[in-house]
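Per the working numbering, the first sequence runs over residues 205 to 552. The C-beta atom is built at its ideal place from N, Cα and C for all residues, glycine as well. Quick notes on the structure that follows.
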Amino acid sequence: MDPDLLRAQLLAWYDLNARSLPWRVGPADHAAGERADPYRVWLSEVMLQQTTVPHATPYFLAFTDRWPTVSDLAGEADGEVMAAWAGLGYYARARNLLACARAVANDHGGVFPDTEAGLRALPGLGPYTAAAVGAIAFDLATNVVDGNVERVMARLFSVEAPLPDAKPELKRLAAGLVRDHRPGDWAQALMDLGATICRPKSPLCDRCPVAAHCAARASGAPDSYPRRTAKAARPHRHGVAYVLTRGDEVALVRRPPKGLLGGMLALPTSDWRDGRWSDTEALDAAPARAAWQSAGEVEHGFTHFTLTLQILRAEGEAADVIWSPLRDLDGLPSVFLKAARAGLSSLL
DNA sequence: TATCCGTGGGC
DNA sequence: TGCCCAAGGAT
205 MDPDLLRAQL LAWYDLNARS LPWRVGPADH AAGERADPYR VWLSEVMLQQ
255 TTVPHATPYF LAFTDRWPTV SDLAGEADGE VMAAWAGLGY YARARNLLAC
305 ARAVANDHGG VFPDTEAGLR ALPGLGPYTA AAVGAIAFDL ATNVVDGNVE
355 RVMARLFSVE APLPDAKPEL KRLAAGLVRD HRPGDWAQAL MDLGATICRP
405 KSPLCDRCPV AAHCAARASG APDSYPRRTA KAARPHRHGV AYVLTRGDEV
455 ALVRRPPKGL LGGMLALPTS DWRDGRWSDT EALDAAPARA AWQSAGEVEH
505 GFTHFTLTLQ ILRAEGEAAD VIWSPLRDLD GLPSVFLKAA RAGLSSLL
């Protein structure tokens, strides 16, 4: 396999087929001298961590509309940013996003570092994101390796070792294709290929610009790569969520700054444990004395467990809660939005 | 190093 | 329906 021929073929494909994305400077504009805004590249890359383009896109547009520069974002209050992130998931990203914006604003004069090491030192930028911002915003010849690139390498070279053990090998293979020429376009071309052609299931090899180089295709079963080790089953947990209203307001709490849903607004809940909660236990764990009534339950899948929330609903008073308008629940993580809607189904 | 950390869409 | 998966990072 000739790496430089492969590169030329993939870049030519990208020149014709690059997806139009709100944070992207297309290959033609880039060739004409237009440069991507590091703030927008960084923001998009953080939002896209483990998140699909369709899910992240409206958040990207809302953030850049509301906070056009990194200094605007750095000056915002924590709660506003966390609420704007609600629904995107992996909320540590939002906490690190603010920490990073403030580091850039306060320690770097509002300008992103233009080296991979400088980017890597910022909160929330790991090996992937530092390499991606470096390549796309600063034309650094970094090795940008995400899940797409791992899959493309596993197929091109029919890597038999299963993920995640194969990660170092896949990264080495990707590094062998990096050149100083058009590093940002190269990274995005590889990821576009993985997202649209070299898909996890049903890859479109007939349309692949580098199919002639692909060992997995030659094997006849390209979709069997990358190999993966079996995953453990997800456990099931149970909790009680309390929907307490006071007129047209609902009682919320701010979750602790770290851990699951850290820093986010939430419904008051019991602990989450292996077994269901009896009525007596659920009343004992309630945030206030009130005429609690059962309002059904909701189920929600997290990364490592499935949660069933039994819902209790009441009208009343409580101490140490944040009273929030019923019509303004958008700042809640999805699991609590789901539970609140179930508990308030008679009102909403 | 292994585990924790959300969400929604596709099949 | 249940499982897989998506432009990963922090600890």
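How close, in whole Å, do the beta carbons of Glu249 and Val315 come, if the pair is a contact with beta carbons under 8 Å? For the purposes of this step, residue 249 is taken as residue 45 along the first sequence, with counting starting at 1. For the purposes of this step, residue 315 is taken as residue 111 along the first sequence, with counting starting at 1. Not really, about 17 Å apart at Cβ, beyond 8 Å.
Could you compute how far the alpha carbon of Arg531 sits from the alpha carbon of Ser224? Working through the first sequence from its first residue, we reach residue 531 at position 327. Working through the first sequence from its first residue, we reach residue 224 at position 20. Using only the alpha carbons, I get a separation of about 35 Å.
First through last residue of the beta strand (DSSP E) which encompasses Glu519: Here residue 519 corresponds to residue number 315 of the first sequence, with the count starting at 1. Its beta strand (DSSP E) spans residues Thr510 to Glu519.
What runs of the alpha helix (DSSP H), each 4 residues or longer, lie entirely inside the stretch 252-321? 257-270, 274-278, 282-289 and 296-311
So for Thr433, helix, strand or coil by DSSP? In the first sequence, residue 433 corresponds to position 229, counting from 1. Coil at Thr433, not helix or strand.
Would you call the CB atoms of Val444 and Gln514 closer than 7 Å? Translated into positions along the first sequence, residue 444 becomes position 240. Translated into positions along the first sequence, residue 514 becomes position 310. A contact, by the Cβ cut-off of 7 Å.
Should Gly398 and Val348 be called a contact, given that it needs their Cβ atoms to be closer than 7 Å? Taking the first sequence and counting its residues from 1, one reaches residue 398 at position 194. Taking the first sequence and counting its residues from 1, one reaches residue 348 at position 144. In this structure, Val348 does not lie closer than 7 Å to Gly398 by Cβ.
If contacts are defined as beta-carbon pairs under 8 Å, then Val447 and Arg517 qualify, I think. What distance do you get, rounded to the angstrom? Here residue 447 refers to the residue found at position 243 when the first sequence is read from its first residue. Here residue 517 refers to the residue found at position 313 when the first sequence is read from its first residue. With a Cβ gap of about 4 Å, Val447 and Arg517 count as contacting.
Collapsed DSSP secondary structure at Pro226 in the structure displayed: For the purposes of this step, residue 226 is taken as residue 22 along the first sequence, with counting starting at 1. Three-state DSSP puts Pro226 in coil, outside helix and strand.
Okay, do the stretch 415-430 and the stretch 493-503 touch, 3+ Cβ pairs below 8 Å being the bar? Using a C-beta cut-off of 8 Å, the stretch 415-430 makes no contact with the stretch 493-503, since fewer than three inter-stretch Cβ pairs fall below that distance.
Helix, strand or coil: how does DSSP classify His417 here? Residue numbering aside, residue 417 sits at position 213 when the first sequence is read from its first letter. Of the three classes helix, strand and coil, the one that applies to His417 here is helix, per DSSP.
For Ser498, report the span of its beta strand (DSSP E) as first-last. Taking the first residue of the first sequence as 1, we reach residue 498 at position 294. Unbroken beta strand (DSSP E) run through Ser498: Gln497 to Gly505.
Looking at the secondary structure, which residues open and close the alpha helix (DSSP H) in which Pro529 lies? Locating residue 529 in the first sequence gives position 325, where the first residue counts as 1. Annotation for Pro529: no alpha helix (DSSP H) segment contains it, though the beta strand (DSSP E) segment containing it runs Ile526 to Pro529.
Ordered list of beta strand (DSSP E) runs contained in the stretch 435-464, each at least 3 residues: You should have 440-450 and 453-458.
Can you name, in chain order, every residue of its own chain whose Cβ lies under 7 Å from the Cβ of Leu344, other than the five neighbours on each side? Reading the first sequence from its first residue, position 140 is the one you call residue 344. Only Glu320, Gly338 and Pro387 meet the Cβ criterion.
Determine contact between the stretch 457-468 and the stretch 288-306, defined as no fewer than three beta-carbon pairs at a distance below 8 Å. Three or more pairs of CB atoms, one per stretch, sit closer than 8 Å, so the stretch 457-468 contacts the stretch 288-306.
Looking at C-alpha atoms only, which residue of Arg441, Glu364, Glu354 and Gly230 is the closest neighbour of Gly505? Residue 505 sits at position 301 when you count from the first residue of the first sequence. Among Arg441, Glu364, Glu354 and Gly230, the Cα nearest to that of Gly505 is on Arg441.
So Leu209 is in the alpha helix (DSSP H); what residue range does that whole segment cover? What you label residue 209 is simply residue 5 of the first sequence in a count that begins at 1. Note, Leu209: alpha helix (DSSP H), Pro207 to Asn221.
Sub-7 Å separation of Arg459 and Ala470 beta-carbons: As a working mapping, residue 459 is identified with position 255 in the first sequence. As a working mapping, residue 470 is identified with position 266 in the first sequence. Yes, the pair counts as a contact, with Cβ atoms nearer than the cut-off.
Got a sec? Which residues, its chain only, sit under 8 Å from Thr255 by beta carbon, not counting five neighbours each side? In the first sequence, the residue the question calls residue 255 occupies position 51. Around Thr255: Leu292, Gly293 and Tyr294.
Taking its Cβ as the centre, do 16 or more other Cβ atoms sit within 10 Å of Gly328, making it buried, or is it exposed? What you label residue 328 is simply residue 124 of the first sequence in a count that begins at 1. Looking at its Cβ environment, which holds 16 or more other Cβ atoms inside 10 Å, Gly328 is buried.
For Thr473: DSSP bridge partner residues: In the first sequence, residue 473 corresponds to position 269, counting from 1. Paired residue(s): Ala445.
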